[in-house]
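A.B. asks: Let me begin by handing over the structure; questions about it come next.
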Amino acid sequence: MPTILYVQGWRFHFYSNEGNEPMHVHAVKGDAECKYWLQPDRFDIVEDFEYNCTPRLRREVRQIIFEHFDQLIVAWREHFGGDRAK
């Protein structure tokens, strides 16, 4: 489970065993957790999952993802080799 980034108490990471899923990132802060699909061709994200995330936390994590979007894309491609997991 490579950790990519720590920002404002959020830990952004990937799970290495998630099969053949499209590009995405997990974020955890305390007991809040969420997962976002990354769409590099559209510079966009789509929430897939959230647990214990208030609207404020969801805005916060989205903002962080967009601020570090390129870094997350590069990390995914380096870890998995391309836009999809192997």
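Counting from 1 along the sequence shown, just add 11 to a position and that's the residue number in our numbering.
Every residue, glycine too, gets a C-beta built ideally from N, C-alpha and C.
Keep in mind it's a predicted model, so treat the numbers as computed, not measured.
According to DSSP, is Asp59 part of a helix, a strand, or is it coil?
C.D. replies: Asp59: strand per DSSP, three-state reduction.
A.B. asks: For Cys64, I'd like the list of residues in its chain whose CB is within less than 7 Å of its CB, leaving aside the five on either flank, ordered along the chain.
C.D. replies: Ala43, Cys45, listed in sequence order.
A.B. asks: Which value, in whole angstroms, describes the spacing of the CA atoms of His79 and Asn31?
C.D. replies: 23 Å
A.B. asks: Mapping DSSP to helix, strand and coil, what is Gln19?
C.D. replies: coil
A.B. asks: Determine the DSSP secondary structure at Arg95, reduced to helix, strand or coil.
C.D. replies: Correct three-state label for Arg95: strand.
A.B. asks: Contact check, Val36 vs Phe23 under 8 Å by CB: the rounded distance?
C.D. replies: 5 Å
A.B. asks: So who's on the other strand from Ile29, going by DSSP bridges?
C.D. replies: First, the residue type needs correcting, since residue 29 is Glu and not Ile in the sequence shown. None, per the DSSP bridge assignment.
A.B. asks: For Met34, count neighbouring C-beta atoms within 10 Å of its own C-beta (all shown protein chains included) and say buried if the count is 16 or more, exposed if not.
C.D. replies: With 16 or more Cβ atoms within 10 Å of its Cβ, Met34 is classed as buried.
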